[in-house]
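Heads up, the thing below is written out as structure tokens.
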Amino acid sequence: MKKISVFLFIFLALGLNSCKDYLEEVNPSGLTADSFYATETGMEALVNSCYMPMRYWWGKEGAGSLTELATDLFLKGGDCHHPEVADQNASFNSQNPLLDVYWSRFYAAVNYCNTAIVRLPESPLSADLQKRRLGEVHFLRALYYWLIVETWGGVHLTTEPTVGVVTTAFRAPVADFYALILSDLDIAIANLDGQVNHDGGRVTKPAAEAFKARMLLTNGQYAEAATLAKKVITDYNFKLYTDYKALWDINNSEGATNSEVVFYVNYSANNQINTADENFDGNTYANAFRKEGGNQLHLMFTPRYDFHAGMKLDIINSIGFQRYCTTRRYLELFNSDIDQRYEGTFKEVWFANGGNIGTYVDMVQGDTAVFWHHKPLSPEFKARVATKYEAKDINDLFNADGSYKDNRNFIEMHKHNSTTDRAAIFEFRSKRDAFVIRIAEMYLIVAEASMLSNNTGQAVEYMNLLRTARAKPGHEADMQITAADLDIDFILEERARELGGELHRWFDLKRTNKLLEYVRQYNTDAKNNIQDYHVLRPIPQTQLDVITNPGDFQQNPGWQ
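Under the numbering used here, the residue at position 494 of the sequence shown is numbered 495, and the numbers go up by one with no gaps.
Written out as structure tokens, the structure reads:
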């Protein structure tokens, strides 16, 4: 396994002047690592470098492709940049550049954390600050190792910092990864005791507890997961929004002030601060925007609305990059008559903004131009609006097998929208913070973990608490479920309704052993290609080619 060289003279640092603090580069030229880490500035820079790699995952296209494509919720859009991931075809293999980038980034991130953990006890930071920073980096190491082990399985595990290139690698059991992850999170919780307020996106005690609840669930420790998730719900000031659409309003997009957000990756309206490593691509394509910072998910789920009568590109509607389009399955999971999450998640209507009206002679600017509906529309309705605007229903959008008739045109998954914070149409980057953990997930963890530990009453109780908060006014009783409704499929349906498009789905399906079943049943892109071994990703060939002990570290089974 090739470890990237870690040059410890260039750091990515967080300013600490306000609740909305961001990463910037510091280059203390001429200093050695030892002398730099002997200063408070140097040690803080090292800790802050542990945060930066999160920006390569949360809010980025590569992560969206690896977590939402080839699931039951999304198909490849008309301009999908990772079609091999969507199709799970022979082109998705050990040569894949996206996997190569994330392997290198995640292991570099682990090395930053390992270095900080070793050096912090000897640092000049005050005892209290030193303790908090250790808590932060232990959390971050757990986070990166979770991404590694769930993506590639039992690969290389190390807690020692390295400088330079390491050419040997050894496999560790998955159980060893989770032992370290849970140990790291215990240290984080203990060291962050009393740290419950957001500080420029830094890790807090409730964030560590919430992530540990997720890890306990993943590791099959159900009763413990339920107990800890309940603690996060009851011990802090997180609150479910009564309006799901407002949760995603761009004006509520700062993680520090959104009552549902337990942990987030922060972004800025200042694009100079957002700018990421210009060598980062993660794609065979070289479009400049992928080398820029900022949250970019608002672009990925948007159709080519500007191809339609009455419409042209504008800031409010974003740019139709059409990377991912929602499956029929995803749309049909919602009872939109009683559940406000449908309207809070999807966009079905575009309003005429000055484009050519074509044959719609009764179209008026500002009125409906495009209406794509998730239910069948009556012939009478379609005839009534035929001269006013384009109206299509779910049967017009999908073929009989569930594939799209035109994967440039689809009902938009809209929760990442960025309607007011961009200065120009072709400004790709958004200031929207990327929500990593929301309090709603804790209700779902309590429900699932309680069900799996035979505490059905508690599972139903917490599921109904969440569903009541998501009910349309007057439909609270209609949203209630009973024990007879609850099984792992219902849990996954509810997680899709609540968390779809938030980079959870592939991990959820893998964790519940439903990945292969759901893809084969609901995903027309990948159903004929996905194989049993696809529950792990291939180890990048660039890593395998340089190790000097190949007998000890081979490719994941099934992959070429």
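Virtual Cβ for every residue (Gly too), placed ideally from N, Cα, C. No experiment lies behind these values; they were computed from the predicted model shown.
Between G202 and G256 the beta-carbon gap is near 7 Å, inside 8 Å, which marks them as a contact. In terms of Cβ geometry, L144 and F212 form a close pair [threshold 8 Å]. The region 68-126 is shown to contain whole alpha helix (DSSP H) runs of 4 or more residues at 84-88, 98-120, in chain order. The shortest CA-to-CA distance from A310 to any of F491, S269, T360 is the one to T360. Distances from the alpha-carbon of S254 to those of N396, Q555, S419 put S419 closest.
Looking from the CA of Y52, the closest CA among I316, K376, N112, I190 belongs to N112.
Per DSSP, reduced to three states, the secondary structure at W59 is coil, with no helix or strand assignment. Within the DSSP bridge table, the entry for Y265 names F436 as partners. For W373, the uninterrupted beta strand (DSSP E) segment begins and ends at 369-373. Membership of W351 in the beta strand (DSSP E) is indicated by the continuous run 350-352. A buried status is given to D340, since no fewer than 16 other beta-carbon atoms sit within 10 Å of its beta-carbon. Annotated as distal: E344 and W373, with beta-carbon spacing of 8 Å or more.
The bridge partners DSSP lists for N296 are S431.
Apart from the 5 residues on each side of it in sequence, V197 sits with its Cβ closer than 7 Å to the Cβ of T205, K206, P207, Y237 in its chain, given in chain order. Between G65 and K473, the alpha-carbon positions lie close to 29 Å from each other.
Rounded to whole angstroms, the Cβ separation of M414 and V266 is 19 Å, and the two are not in contact under 8 Å. Cβ neighbours of N557 within its own chain (closer than 8 Å, five residues either side excluded): W153, G154, Y534, L537, R538, P539, I540. In the three-state reduction of the DSSP assignment, E413 falls in the strand class. Taking 8 Å as the cut-off, the Cβ atoms of F436 and I320 do not count as close. In the DSSP assignment, T168 falls outside any alpha helix (DSSP H), carrying neither H nor E. Annotation for A227: no beta strand (DSSP E) segment contains it, though the alpha helix (DSSP H) segment containing it runs 223-236.
The DSSP-derived three-state label of F554 is coil. In this structure, A189 is the residue among Y223, F239, A189, M216 with its C-alpha nearest to the C-alpha of A209. Rounded to the nearest angstrom, the gap between the Cα atoms of L76 and G501 is 13 Å. By the beta-carbon neighbour count (other beta carbons within 10 angstroms, threshold 16), V233 is buried. N524 is the residue among E391, N336, N524, M480 whose C-alpha sits nearest the C-alpha of Y405. DSSP lists L76 as the bridge partner or partners of C326.
The three-state secondary structure of A143, taken from DSSP, is helix. Rounded to the nearest whole angstrom, the C-alpha separation of I438 and V262 is 6 Å.
For K376 and A425, the gap between their C-alpha atoms comes out near 34 Å. Judged by DSSP in its simplified three-state form, H157 adopts strand.
With distances taken between CA atoms, T328 lies nearest to N400 out of A353, N400, Y306, E381. Under the three-state reduction of DSSP, D397 is assigned to helix. Inter-residue distance for E333 and C326 is about 14 Å (C-alpha atoms, whole angstroms). Per DSSP, the unbroken alpha helix (DSSP H) holding M464 starts and ends at 457-470. For E495, the closest C-alpha among the options D397, A448, V371, Q297 is that of A448.
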